[in-house]
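Below is one structure, written out as structure tokens; the observations come after it.
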Amino acid sequence: MTSEDGRFVVIFNGEIYNYPQLRAELETDGVRFRTTSDTEALLHLYARHGADMVHRLRGMFAFAIWDQARRGLFLARDPYGIKPLYTANDGWTFRFASQVKALVAGGHISRDPEPAGIVGFHLFGSVPEPFTLYRDIRALPAGHIQWVDTAGPREPKPFSNLADVLAKGSANPGPTAEIHERVRAGVLDSVRAHLLADVEVGIFLSAGVDSGALLGCMRDAGQREIRAITLAFEEFRGTSEDEAPLAACVCEHYGAHHIVRRLSEQEFVEDLPAILEAMDQPSIDGVNAWFVSKAAKEAGLKVVISGLGGDELLGGYPSFLDLPRWHRRFGLLAAVPGIGFLARKLIAAVAPTFSRVTPKALGVLEYSGSWAGTYLLRRGLFLPHELPGVMDAEIACEGLRRLKPLRRLAANLTPDPISENARVCVLESAQYMRNQLLRDADWAGMAHSLEIRVPLVDFTLLRALAPVIPAFTPGAGKAALANAPTVPLPDEIVTRAKTGFNVPTGDWMNAAIGRGSDAVGRAPEAKGLISRRWSRAVLNGMAPANAQEQLHAS
4 MTSEDGRFVV IFNGEIYNYP QLRAELETDG VRFRTTSDTE ALLHLYARHG
54 ADMVHRLRGM FAFAIWDQAR RGLFLARDPY GIKPLYTAND GWTFRFASQV
104 KALVAGGHIS RDPEPAGIVG FHLFGSVPEP FTLYRDIRAL PAGHIQWVDT
154 AGPREPKPFS NLADVLAKGS ANPGPTAEIH ERVRAGVLDS VRAHLLADVE
204 VGIFLSAGVD SGALLGCMRD AGQREIRAIT LAFEEFRGTS EDEAPLAACV
254 CEHYGAHHIV RRLSEQEFVE DLPAILEAMD QPSIDGVNAW FVSKAAKEAG
304 LKVVISGLGG DELLGGYPSF LDLPRWHRRF GLLAAVPGIG FLARKLIAAV
354 APTFSRVTPK ALGVLEYSGS WAGTYLLRRG LFLPHELPGV MDAEIACEGL
404 RRLKPLRRLA ANLTPDPISE NARVCVLESA QYMRNQLLRD ADWAGMAHSL
454 EIRVPLVDFT LLRALAPVIP AFTPGAGKAA LANAPTVPLP DEIVTRAKTG
504 FNVPTGDWMN AAIGRGSDAV GRAPEAKGLI SRRWSRAVLN GMAPANAQEQ
554 LHAS
């Protein structure tokens with residue numbers, strides 16, 4: 004879209020949820036709108052506020068604005084990194100796109116592999132920003148802006164920081180008695196904002212607290228007709244592991260129309276080539292997002308609400324207990340220089356079987372001396388010392404040198420969020436959620452022309468809850484969310500044990516690798532979990548061609 008005077012041109016991917024308020028403010032200042040689009044609001048905001056406009060936005064966004072008068076390009080990406088934005092600069096031309104493969108398809112960018120991206124994928128199961136699998140392609144980091152002109156691209160500058168918000172909240176804590184009211188008011192406000200649309204808004208519904216509570220809040224926000232999509236599995240039909248019956252209870256509880264989409268192993272295998280093609284950057288997850296998005300498209304939906312982000316914000320992961328406990332238990336001993344390395348070498352020498360069966364246990368003393376190291380130990384797919392055994396040693400060493408995983412994780416905790424809950428919230432949000440869950444939701448949704456909105460991944464909500472996050476006791480955050488709707492969630496949902504996404508899809512992934520599926524090839528046997536084997540299979544199908552020999556050299 005071009006401004007009326009022709010000076011500014013904007014390319015925009017996303018949604019601005021406070022567009023009505025922004026438009027009203029601009030019109031009060033004398034601005035005349037030609038459309039009803041939030042895209043036009045970006046043009047007017049930039050014309051008046053320049054780069055500071057980003058502080059006025061509530062939404063998921065990645066955009067670029069060309070300033071004809073200054074002969075420069077302004078880029079921005081939302082604070083959580085919900086929407087992707089990739090750039091490439093060859094010294095002559097600066098390119099940008101919402102997908103890595105769009106830049107590669109242009110044909111003017113080197114396909115040389117990025118060791119840091121390949122190593123990062125092995126460590127985390129996703130490629131950590133700003134890296135990609137390609138040396139010459141970078142992600143604009145979440146919460147950053149960048150200026151490009153004839154002198155070339157400037158270094159990206161941060162305008163928002165998760166740790167900063169949580170540090171301020173921890174320094175000014177709210178009373179425990181406020182937890183339920185803050186969660187209720189904040190979540191309802193976010194849901195209302197995320198329902199801004201000119202089409203029907205549906206919801207992804209599991210048998211968990213997050214999506215169920217959001218469904219209740221959608222009803223409280225005034226949405227009368229709600230269609231809820233539940234992904235279920237043929238193998239689980241009629242068993243206690245089938246989420247569909249409980250999800251049906253939630254729909255009945257809130258008067259929503261329930262659509263159950265059952266997935267079979269045959270459909271998984273048939274769709275696997277399309278999944279890997281749409282993935283853009285490799286991920287060990289995303290299968291669930293693909294099929295539930297496919298179901299939403301089949302139902303005719305264009306926009307859906309997702310409960311993604313609830314575990315990171317409200318302390319729903321085991322890591323909120325594990326990381327502080329491990330750090331307290333092993334931190335002092337692990338801080339002794341060299342003790343972790345010596346212990347790992349000793350155990351590997353005297354108990355090689357133990358090393359193969361529980362490879363991450365060898366890293367306890369090596370990584371538990373810091374919050375970043377403890378997080379890597381908890382979330383890591385492989386640990387750094389294992390990489391030379393699963394890939395070319397030279398590219399492993401070069402990738403670790405460029406990535407600096409512990410330093411990069413620790414940088415997320417600057418400034419220090421102070422409380423244990425806040426530290427884990429930042430680490431889970433800035434690493435796992437940003438680089439894997441949000442990225443997977445975006446490519447899977449876009450592959451089905453579906454916009455996935457995430458009310459629990461909202462900076463306004465984060466600011467509202469930051470003062471009480473340190474006070475969350477185990478289960479307190481989720482309990483508050485369950486009671487956020489005027490009609491609370493049914494007890495059977497609240498008391499249900501949390502389940503992961505490892506069966507039956509984990510078995511299907513393993514079977515696909517084992518029989519040499521054409522979609523993924525036969526991945527080299529890696530130590531440990533199915534997810535390790537799956538990660539190798541995914542990367543086998545997606546890595547730059549000239550990196551294949553290096554990946555399989557060991």
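To get our numbering, take the position in the sequence shown, counting from 1, and add 3.
Ideal Cβ positions, reconstructed from N, Cα and C, are used throughout, including at glycine.
With 16 other Cβ atoms within 10 Å as the buried cut-off, status of residue i
i	result
K481	buried
L386	buried
D81	buried
G123	buried
N424	buried
D8	exposed
P178	exposed
S296	buried
G349	In the sequence as presented, Gly is not what sits at residue 349; that position holds Leu. With fewer than 16 other Cβ atoms within 10 Å, it is exposed.
N175	exposed
T39	exposed
T5	exposed
A277	exposed
H111	exposed
R525	Any reading at R525 must be qualified, since the residue scores a pLDDT of 38, below 50, and its modelled position is unreliable; no value is offered.
P477	exposed
G17	buried
H47	buried
L324	exposed
V202	exposed
Coil, strand or helix - residue i by DSSP
i	result
Q269	helix
M436	helix
Y558	No answer is possible for residue 558: it lies beyond the span of the chain, which begins at 4 and ends at 557.
G448	helix
W150	strand
F36	coil
F11	strand
T5	strand
L76	strand
R499	coil
V490	coil
G94	coil
G110	coil
G155	strand
G318	coil
T463	helix
D167	helix
Close beta carbons around residue i, own chain, < 6 Å, minus the five adjacent residues each side
i	result
R73	none
E184	none
R264	L234, A298
Q254	Residue identity differs from the one stated: residue 254 is Cys in this sequence, not Gln. Cβ neighbours of C254 beyond the five flanking positions: A231, H261.
Q71	R10
L25	A44
DSSP bridge partner residues for residue i (one or two, in chain order)
i	result
Y89	A100, A142
N16	A65
F207	I232
P116	Y137
K160	I148
G383	Looking at the DSSP assignment, G383 forms no beta bridge with any residue, so it has no partner.
I308	I206, R456
S373	Partner(s): none; S373 has no beta bridge.
S283	The sequence given here places Asp at residue 283; Ser does not occur at that position. In the DSSP output, where bridge partners are listed per residue, D283 has none listed.
S243	Looking at the DSSP assignment, S243 forms no beta bridge with any residue, so it has no partner.
V1	Because residue 1 is not part of the residues shown, which for the chain are 4 to 557, the question remains open.
D70	F11, G75
G172	Paired residue(s): none; G172 is not in a bridge.
S129	S286
Same chain, Cβ closer than 8 Å to residue i, neighbours up to 5 away in sequence not counted
i	result
F97	L76, T90, A91, V151, G155, P156
G269	It is worth fixing the name first, because residue 269 is Gln in this sequence and not Gly. The answer is none, since no qualifying residue turns up.
L416	A166, W374, A375, R426, V429, L430
R437	Y83, G84, E132, A145
A196	Y20, N21, R61, P458, D461, T463
Residue i CB to nearest heavy atom of the ligand NAP below 7 Å
i	result
A166	Absence of the ligand NAP from the depicted structure is noted, as is the absence of any ligand whatsoever, leaving it without description.
*Quick check: the segment 175-192 against the segment 460-479, are there 3 or more CB pairs under 8 Å?*
Touching, per the Cβ criterion.
*When the Cβ atoms of the segment 78-93 are set against those of the segment 146-155, are three or more pairs found closer than 8 Å?*
These segments touch.
*asked:* Whether or not the segment 418-434 and the segment 316-324 are in contact is what I'm after, with contact meaning three or more pairs of Cβ atoms, one per stretch, closer than 8 Å; do they touch?
replied: Enough Cβ pairs lie closer than 8 Å, so yes.
_Could you check whether the segment 156-171 touches the segment 207-216, counting it as contact only if at least three pairs of C-beta atoms, one from each stretch, sit closer than 8 Å?_
Verdict: no, contact absent.
*Give a yes or no on contact between the segment 124-135 and the segment 49-60, applying the rule of three or more CB pairs nearer than 8 Å.*
Touching, no, given that fewer than three Cβ pairs across the two stretches are closer than 8 Å.
*Does the segment 137-150 come close enough to the segment 381-398 that 3 or more CB-CB pairs lie under 8 Å?*
Three or more beta-carbon pairs separated by less than 8 Å are not found between the segment 381-398 and the segment 137-150, which leaves the two stretches without contact.
_Given 8 Å, three or more beta-carbon pairs between the segment 464-473 and the segment 435-449_ = No, because fewer than three Cβ pairs between the segment 464-473 and the segment 435-449 fall closer than 8 Å, the two stretches do not touch.
*Counting Cβ pairs closer than 8 Å, one from the segment 209-225 and one from the segment 239-259, do we hit at least three?*
With a cut-off of 8 Å on Cβ pairs, the segment 209-225 is in contact with the segment 239-259, counting three or more such pairs.
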